[in-house]
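Here's the structure we're looking at; comments come further down.
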Ligand SMILES: Cc1cc2nc3c(=O)[nH]c(=O)nc-3n(C[C@H](O)[C@H](O)[C@H](O)COP(=O)(O)OP(=O)(O)OC[C@H]3O[C@@H](n4cnc5c(N)ncnc54)[C@H](O)[C@@H]3O)c2cc1C
């Protein structure tokens, strides 16, 4: 007999977990299908959580933020082995996966282990190695995520030539690392390995890293990455990669500009596609988009009205943060729960590099292009007491963008320690259209990094009067460093 459910969710990543649990909370009969042995998808197992844990581990083991700040350098990190490096990542992903499973169990979601494929628009075949089962869903949510693409000129071997999944399984540190792609994943891993003292290169096919960032912040990150020993090869790419069989011999990377780079390990971080190959969406009549993603409307409904798709499988912005809400919004629409109508239009971007970067709202380039009469205000970590206590080896700063006439804050950009945390106050400012005066009338804990907002607001107000206290170089540490973009 075919089991029938009010809802079938395919995939246990952030999007699928939240969709399944929300529907179950509202007393619907829910099944979740997961093909992997471990729960949580890229969010928990191979993407967000492991990379963030490795970043914290690298900071801890290398002591990069403690050097010369607390009198004693913590040099022992340089001798840490790969097991030390991976220890916490393994623990946290294991616990994270178990928490997802437990959450599903606690909400009485029925779990099927196996790979899902559509038979028709209501029936799904769940396949394991030794068993096949058909389940019927009145409604279906596809939350199958994305996978790293493998271009044919890159000989992936999961030993020395990696994608962002297999880099998590290395059993020795690279002697040197070359990363292809200066998007979020590429920049994060480059800074993690560089923090561990590993000579690191990034190859990028344009003259800007992280194209969506405010250009000044992207340049500031480039300078800090270069200072931390990362060489960035702009406007370049890989033609061919030769991996010799002997592990002692370096990889030979032939670049588009004719140069050759020798390196011990390679990480491809230049693109992900929607995980739809195994689903056989055609059998359900679901319309696809480019890069194997699924076409959806603002409620995450596909062209087949009872089938929804959420998370990475629908493409941009492809974040764990937004994927979870997409799952919840789909359920709200499906079962008319009336508690979450649409995805927030104002949300932050967090880049967990060393140093961290985070932004919300308009960039200066966007403001210029859209003819906003804007001004900017800056503040430096080193000018705040909390920044002085922390040592601020990154020369961090915050940049506010505001509408000149109304003094409403329309963009916040931060580079420095805890940028991804303190951005959330900035998000409220942008979302609630708060003014510079609103910020200076606010009392923060003292000392706290939130002083950055106050100082940047004072700087912005001063700029309106034509009396800025600090020059650009002093403000953001642009002096005497190289940038090639
Ligand atoms: C290195 C890296 C770092 C990242 N860092 C961040 C970050 O800092 N912040 C952030 O917000 N986002 C980050 N992301 C993005 C984030 O991981 C994804 O946006 C998020 O995981 C997408 O969630 P999802 O539920 O759509 O898909 P996934 O998390 O990929 O989950 C999909 C699940 O579906 C299962 N599945 C697939 N096909 C089938 C099938 N046919 N049958 C059954 N099951 C199937 C998979 O096994 C998987 O468990 C990062 C990604 C990477 C790669």
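In the numbering used here, the protein residues as written are 32 to 516.
Positions of the beta carbon are idealized from the N, C-alpha and C atoms, including for glycine.
Computed from a predicted model, the values in this text were never measured in an experiment.
In this structure, the straight-line span from the alpha carbon of residue 153 to that of residue 214 is close to 38 Å. Nearest in C-alpha terms to residue 241, of all of 390, 351, 226, is 390. The C-beta distance from residue 217 to residue 349 rounds to 15 Å, too long to fall under 8 Å, and the pair is not in contact. Between residue 172 and residue 427, the gap from beta carbon to beta carbon reaches 9 Å or more. Its chain contains 173, 317, 318, 325, 326, 327, 339, 340 as the residues whose beta carbon lies nearer than 8 Å to that of residue 333, once the 5 sequence neighbours on both sides are disregarded; these appear in chain order. Boundaries of the beta strand (DSSP E) around residue 171: 163-173.
A heavy atom of ligand 1 is found nearer than 8 Å to the CB of residue 383.
If you draw a straight line from the Cα of residue 163 to the Cα of residue 147, it comes to about 10 Å. Between residue 36 and residue 60 a beta carbon distance of about 5 Å is seen, short of the 8 Å cut, so the two are scored as contacting. If you look at residue 132, you'll find it in the alpha helix (DSSP H) that goes 113-137.
Under the three-pair Cβ rule at 8 Å, the segment 462-473 does not count as touching the segment 266-281.
With fewer than 16 other Cβ atoms inside 10 Å of its own Cβ, residue 165 counts as exposed.
Exclusion of the five residues before and after residue 206 leaves 295 as the residues of its chain whose Cβ lies within less than 7 Å of its Cβ. Assigned with DSSP and collapsed to three states, residue 219 falls in helix. Residue environment analysis places residue 364 among the buried positions, since at least 16 neighbouring C-beta atoms fall within 10 angstroms of its C-beta.
At a Cβ-Cβ threshold of 9 Å, residue 191 and residue 282 count as neighbours.
In the displayed model, residue 89 falls within a helix according to three-state DSSP. Taking C-alpha positions only, residue 476 is separated from residue 419 by approximately 15 Å.
Of all alpha-carbon atoms in 219, 122, 473, the one lying nearest the alpha-carbon of residue 76 is that of 122.
Within the chosen limit of 8 Å, ligand 1 reaches the beta carbon of residue 352 through at least one heavy atom.
Around residue 246, the same chain offers 239, 394, 395, 396 as residues with beta carbons nearer than 8 Å, after the five sequence neighbours per side are excluded.
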